[in-house]
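**Student:**
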Amino acid sequence: MSETLAAARPAPHIGGEMTTAATAETLTITVNGEARRILAPATVASLLSSLGIDRRKVAVERNLEIVPRSAYETTSLGEGDRIEIVHFIGGGDVAAAEAGEDEWQVAGRTFRSRLIVGTGRYKTLEETAAAIAASGAEMVTVAVRRVNLSDPSAPMLQDYVPPSRYTYLPNTAGCHTAEEAVRTLRLAREAGGWNLVKLEVLGPPPTLYPDMQETHRALDVLVREGFQVMVYCVDDPVAAKRLEEAGAVAIMPLGAPIGSGLGIQNRVTIRLIVEQAKVPVLVDAGVGTASDATIAMELGCDAVLMNSAIAHAKDPVRMARAMRAAVEAGRQAYLAGRMERKLYADPSSPLAGLI
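Residue numbers for the sequence shown follow the numbering used here, so the first one is 8 and each next one is one higher.
1. Have a look at E186, R196, L269 and M326 and flag the residue whose alpha-carbon is nearest the alpha-carbon of V208.
2. To test your reading of the DSSP string, which unbroken alpha helix (DSSP H) runs of 4 or more residues are found completely within the stretch 56–144?
3. What are the start and end residues of each continuous alpha helix (DSSP H) run of 4 or more residues lying completely inside the stretch 258–286, in chain order?
4. Whole angstroms is fine: what's the gap from T214's alpha carbon to P357's?
5. Have a look at V334 and D242 and give me their C-alpha separation to the nearest angstrom.
6. Can you tell which of C240, L203, A246 and M219 has the C-alpha that lies nearest to the C-alpha of L229?
7. In the DSSP assignment, find the alpha helix (DSSP H) that holds Y341 and state where it starts and stops.
8. So, at 8 Å on beta carbons, what are the nonlocal neighbours of T27 in its own chain, with the 5 sequence-adjacent residues on each side left out?
9. Could you give the first and the last residue of the continuous alpha helix (DSSP H) run that contains E197?
10. If you pair each beta-carbon of the stretch 289–300 with each one of the stretch 315–327, do three or more pairs fall below 8 Å?
11. Examine the Cβ distances between the stretch 189–204 and the stretch 52–70 and report whether three or more of them are shorter than 8 Å.
12. What residues in its chain sit with their C-beta under 8 Å from that of G233, if we drop five residues either side in the sequence?
13. Is it the case that the Cβ atoms of R119 and A310 are separated by a distance below 8 Å?
14. Tell me the rounded alpha-carbon separation between E72 and M219.
15. How far does the beta strand (DSSP E) with V238 in it reach, from first residue to last?
16. Please report the straight-line C-alpha distance between I277 and K248, rounded to a whole angstrom.
17. With A150 as the anchor, note down where its beta strand (DSSP E) starts and where it stops.
18. Per DSSP, which residues does P217 bridge with? Please list them.
19. Could you tell me the boundaries of the alpha helix (DSSP H) in which L289 lies?
20. Taking the alpha-carbon of A257 as reference, which of L289, S77 and A180 has the nearest alpha-carbon?
21. For V294, does the three-state DSSP call read helix, strand or coil?
22. Along the alpha helix (DSSP H) that carries E41, what are the first and last residues, could you check?
23. Going by C-alpha distance, which of M304, M346 and Y216 is nearest C433?
24. Whole angstroms is fine: what's the gap from D353's alpha carbon to G337's?
25. Residues in its own chain within less than 7 Å of A42 by CB, not counting five upstream and five downstream?
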């Protein structure tokens, strides 16, 4: 034991007896970046219990190695261990499918809603839940963040947007290297068992443009480890095809920079990506209003993913309903086939028989 810990022990009682607290050994560990002193011996299970954390809602990493839930009781903690405890945060009540209903698939999963909604940036968890329900979304993106140790009983996203009702799509929001992205998704899989994930590796501010070199490095590792990876990427047909060939289960080109609300800036390249892809294509990032979502669907995209466009609206719930209608309208227009574009007028009424 260190001299510091030894010096911190209380003096023995008269007669040589010491209190239970005084005789207890202690460990100094780091939990979510905070130094903590705990009683020894200790396990991951006892640590979670002492912190008041529901082990069913978190994932635990010890010294950069994920601890399976089945090993919480047997994984002992040692002096200097670094522990990370994470959960999902916000980064439709849908009726049963009718025969012949328009659906789409990704990695063997079938969805009726073509609108995927992010769970971050809302004012409250209650607003998050209400907006997502209004959107009709069946899939939601979730970020992985540290548990708030100062208030472990605080409500979590799962309490308002339950994974029993929605398909969680863990993403790597905020990651700037392949290593960060892979580590994040390994924790996500441990926390909820999800293999279907969204990979995004971003370049530096202010553009936060997709870093394709780091994206490919992360994709290679994740595919080898059995993840089914939907990949956020540049709106480049060549880059998109290479991601598909590397094992991506869906391609997600940006419409415009993240959070910009500029709408789809290059319809030509998005259309080219759609035409060549053998996996689903989803516009991700840049949608600002309902017409942007409609355009994405009219280009033939399988779905649209958005967060800020709904969460930053003055009335997020109403905007969520608008986005739902916009996606459905764009899809119907795509299936119907638009009229041919012409350079000159072509009257809709016959000219014969004029008075």
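Ideal Cβ positions, reconstructed from N, Cα and C, are used throughout, including at glycine.
**Tutor:** Reading it off the structure:
1. E186
2. 132–142
3. 274–283
4. 53 Å
5. 20 Å
6. L203
7. Where Y341 is concerned, the enclosing alpha helix (DSSP H) starts and stops at P323 to A343.
8. Reliability of the predicted coordinates at T27 is poor, the pLDDT of 43 falling under 50, and the value obtained from them is presented with this limitation in mind. Counting only Cβ-Cβ distances below 8 Å, and skipping sequence neighbours, we find nothing.
9. Start and end: A185 to G199.
10. Taking 8 Å as the limit for Cβ pairs, the verdict is that the stretch 315–327 does touch the stretch 289–300.
11. yes
12. Cβ neighbours of G233 beyond the five flanking positions: N202.
13. no
14. Rounded to the nearest angstrom, the two C-alpha atoms are 27 Å apart.
15. Q235 to C240
16. 12 Å
17. M146 to R153
18. L209
19. Segment L289 to D291 is the beta strand (DSSP E) holding L289; no alpha helix (DSSP H) there.
20. L289
21. coil
22. Run containing E41: none in the alpha helix (DSSP H); it sits in the beta strand (DSSP E), E41 to A47.
23. Absent from the model: residue 433. The displayed extent of the chain is 8 to 362, so no value can be given.
24. 25 Å
25. T35
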